[in-house]
Amino acid sequence: MINRVPLIWFVLILLTIGSYTLADASTLPWIAAIILCLAAIKGYLIIDGFMELYGYKGYMRYAMNLYCPILSLLIWLLVKH
Amino acid sequence: MHSQIANNNSQVTINIELPGDLVVWFLILLEITTFALMFLAFSWVRGYDKELFLAGQQVLHPLAGLINTIALLTASGFVAQAVIDNRRNKQNQAALWLFAGMASALVYVVVKCWEYWQLGSAGYGLENNQFFMVYFLLTGFHLLHVLLGLSFLIIIARKLRRGGYGPDDALGLESGACYWHMVDLIWVMLFPIVYVIH
Chain A
12 MINRVPLIWF
22 VLILLTIGSY
32 TLADASTLPW
42 IAAIILCLAA
52 IKGYLIIDGF
62 MELYGYKGYM
72 RYAMNLYCPI
82 LSLLIWLLVK
92 H
Chain B
64 MHSQIANNNS
74 QVTINIELPG
84 DLVVWFLILL
94 EITTFALMFL
104 AFSWVRGYDK
114 ELFLAGQQVL
124 HPLAGLINTI
134 ALLTASGFVA
144 QAVIDNRRNK
154 QNQAALWLFA
164 GMASALVYVV
174 VKCWEYWQLG
184 SAGYGLENNQ
194 FFMVYFLLTG
204 FHLLHVLLGL
214 SFLIIIARKL
224 RRGGYGPDDA
234 LGLESGACYW
244 HMVDLIWVML
254 FPIVYVIH
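Here the protein sequences line up with chains A and B, keeping their order.
Per this note's numbering, the first sequence starts with residue 12, numbered consecutively.
Per this note's numbering, the second sequence starts with residue 64, numbered consecutively.
Laid out in C-alpha cells, this is it:
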C-alpha cells in the first residue's frame, strides 16, 4: 500500500510557500488569480488526499471538490473587479 | 470500507465508501458554506474601501500567517497518518500521530493568540474599522473551530489508546479526522484572502 500522506503534505507546504512569495506582486490581477488557483489546488489535495475522498463516487466528493474552485473564482471576481 | 486495487506494478488505496459519518459530512458542508459566505462578505466589503483594507493588511504579520498555515497543514498530515495507522492495526502509533497533530495545532493557537495580543497592544480591535472588525470575526470564528477540533482530537486519541478503535471500527476516528481536515481547508482559503492578496 502506498502511503501518499507525506508526499501530499510536502506538496501542500511547497504550494503554501509559493503563494506566500507572490504576496508582494499580488496587486496584479493575474498574480491574485495564481494565488487563488494555488489555494484551490491545496483544497483539492486536502479533500482527496487527507479526507480520503479519492476514489469515492458519491455526490459529496463532487460537492467538496467544487467548493475551492468556485469560491476562489468568486473571490477573485470580487477582489479584482 | 477500503479496497486495494492493483495499478500497474504498485497498489493504491481506493476509498469506495464515504469515510466517517454522513452526519459529520453534512455538518462539514454547512460549516464550509458559512465560511464561504464570510469570505465573500470580506472580499465584497474590501471592494468598497481598498485603501482601508490595504492599510489594515500592512499591520498584520504575514509570517505569522505562514507559520500558522504550515502548523495546520502539518497537524492535518499527522491526523491523516493516524487514520492510516489505525487501519494497519497500529493503534498506539496512531495515537502518537494524533498527539503530534495536537502539538502542531497548539503552535497555531499560540501564534494566533500572539497576533491578537500584538494587535491589541497596538490599539487595534473590533471597533477600529471595518477591516479589523471582519478580520477579528473571521479569524476568531476559525480559532473557535480549531479549539473545537482539538477537543475532538483529544477525545479520539484517548479512546484510541484504550483500544476503542480498530481497522473495522473507525467511524468516530474518521469523522473526527475529517472535521479536523475541514478546519485546515477553511484556513487554506482564509490565508490568501487575509494575508497574501493585497
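Built from N, CA and C at the ideal position, the CB exists for glycine as well.
The model shown is predicted, which means the values in this text are computed figures rather than measured ones.
{"Item": "Straight-line Cα distance separating A74 (chain A) from P80 (chain A)", "Value": "11 Å"}
{"Item": "Simplified DSSP assignment, three categories, for G229 (chain B)", "Value": "strand"}
{"Item": "Backbone CA spacing between G188 (chain B) and W87 (chain A) [nearest angstrom]", "Value": "27 Å"}
{"Item": "Chain-ordered neighbours of C241 (chain B) on chain A, where CB pairs are closer than 7 Å", "Value": "M62"}
{"Item": "D247 (chain B) classed as buried or exposed, judged by whether at least 16 other C-beta atoms fall within 10 angstroms", "Value": "buried"}
{"Item": "7 Å Cβ shell around F162 (chain B) - same chain, five flanking residues per side excluded", "Value": "A220"}
{"Item": "Extent of the continuous alpha helix (DSSP H) run through K10 (chain A)", "Value": "Since the first residue shown for chain A is 12 and the last is 92, residue 10 (chain A) is missing from the structure and cannot be characterised."}
{"Item": "Entirely enclosed alpha helix (DSSP H) segments - the region 108-174 of chain B, minimum 4 residues", "Value": "113-122 and 125-150"}
{"Item": "Helix, strand or coil at D84 (chain B) according to DSSP, with G and I counted as helix", "Value": "coil"}
{"Item": "Any C-beta of chain A under 7 Å from that of A104 (chain B)", "Value": "no"}
{"Item": "Any 3 or more C-beta pairs closer than 8 Å across the region 18-33 of chain A and the region 221-238 of chain B", "Value": "no"}
{"Item": "Status (buried if at least 16 other CB within 10 Å, exposed otherwise) for T38 (chain A)", "Value": "exposed"}
{"Item": "Exposure label - P40 (chain A); buried when at least 16 CB within 10 Å", "Value": "exposed"}
{"Item": "Nearest to P125 (chain B) (by Cα), restricted to the options A:N76, A:T32, A:L25 and A:L26", "Value": "A:T32"}
{"Item": "I79 (chain B) (DSSP reduced to helix, strand or coil)", "Value": "coil"}
{"Item": "Contacts around Q154 (chain B), its chain only, beta-carbon distance under 8 Å, and the 5 residues preceding and following it disregarded", "Value": "D148, L223, R224, G226, Y228 and G229"}
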